[in-house]
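All the letters of the sequence shown, read from the start, carry residue numbers 1 to 177 under full-length UniProt numbering.
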Amino acid sequence: DEEFAKTLEAESLEELREKVRESLKRQAEARYQEARERAFLEKLAEGLEAEIPPSMLEAEERHLLEHLAEDLAAQGIALEAYLKALEEKGELEKFREELKQEALKRVRRSLAKERLAEELKPEVSEEEWQAYLQAVARSYGISLQELRREFGERGLARLRAAYIQDKAVKEALAKLL
1 DEEFAKTLEA
11 ESLEELREKV
21 RESLKRQAEA
31 RYQEARERAF
41 LEKLAEGLEA
51 EIPPSMLEAE
61 ERHLLEHLAE
71 DLAAQGIALE
81 AYLKALEEKG
91 ELEKFREELK
101 QEALKRVRRS
111 LAKERLAEEL
121 KPEVSEEEWQ
131 AYLQAVARSY
141 GISLQELRRE
151 FGERGLARLR
161 AAYIQDKAVK
171 EALAKLL
């Protein structure tokens with residue numbers, strides 16, 4: 001009803017419906033863009049000729065395991081218990097191989113993004129960079145100063161490199177279309 005709409009910062013039920021429609025449309029567009037970028041990066045990664053250092057692959061495997069452990073912990077399951085259950089079902093080796101393959105895909109995509117950014121050298125103005133940092137700070141619910149303090153110099157440098165790489169992917173896709 002109208003009162004419910006007003007509690008959600010809409011003047012009317014119709015305005016609330018329109019806000020919901022717009023939100024769903026933006027979400028669908030974002031998912032579509034992410035899928036296009038992922039497919040583009042996978043194609044780039046397939047053609048990538050690069051020696052992948054074992055340490056890089058191992059680090060990505062650890063990263064994937066850490067994320068799995070967090071997801072399992074949110075469900076009240078310990079990673080060790082999960083791995084033990086896989087072992088008891090005879091699926092631990094299959095899991096390890098799948099983990100290795102996923103880590104390899106991710107590392108190859110990451111290297112492809114790095115190479116693309118090196119090749120395209122997208123421009124990032126100070127104004128654009130500051131706007132991006134503000135958006136990141138807002139997404140974390142902290143001030144820009146807190147973000148700078150939390151990330152530190154190295155963290156901000158990594159964030160900037162990732163931003164430049166993402167921008168290179170977007171520019172490359174725009175050129176293709």
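Using N, Cα and C, we set each Cβ at its ideal position, and we do this for glycine too.
What you are looking at is a predicted structure, and each value in this text was computed from that prediction instead of being measured.
Quiz item: Which whole-angstrom value describes the C-beta separation of L156 and R148, a residue pair presumed to lie in contact below a C-beta threshold of 8 Å?
Solution: 7 Å
Quiz item: What are the start and end residues of the alpha helix (DSSP H) that includes S110?
Solution: 92-120
Exercise. Let me know the secondary structure DSSP gives K167 once reduced to three states.
Key: helix
Quiz item: What's the C-alpha gap between L83 and A73?
Solution: 13 Å
Self-check item: CA-to-CA distance, R36 to A172, given in whole angstroms
Solution: 12 Å
Quiz item: What do you get for A81, buried or exposed, if any count of 16 or more other CB atoms within 10 angstroms of its CB means buried?
Solution: exposed
Exercise. Helix, strand or coil for K84, going by three-state DSSP, please let me know.
Key: helix
Quiz prompt | Buried/exposed call for R96, threshold 16 Cβ in 10 Å | solution = exposed
Quiz prompt | Under 9 Å between C-beta atoms of L144 and K100 | solution = no
Quiz item: What are the boundary residues of the alpha helix (DSSP H) that Q75 is part of?
Solution: Careful: Q75 lies outside any alpha helix (DSSP H) and carries neither H nor E.
Practice problem: Mind the definition here: the stretch 127-134 touches the stretch 84-93 only if three or more C-beta pairs lie below 8 Å; say whether that holds. | Solution: no
Exercise. Spatial neighbours of I164 within its chain, please: CB distance less than 8 Å, with the 5 preceding and 5 following residues excluded, ordered by chain position.
Key: A117, P122, V124
Exercise. Would you give the residue range spanned by the alpha helix (DSSP H) that L177 belongs to?
Key: That residue, L177, is in no alpha helix (DSSP H); it is neither H nor E in DSSP.
Quiz prompt | C-beta atoms of K113 and L41 nearer than 9 Å | solution = yes
Self-check item: Secondary structure of E14, DSSP reduced to three states
Solution: helix
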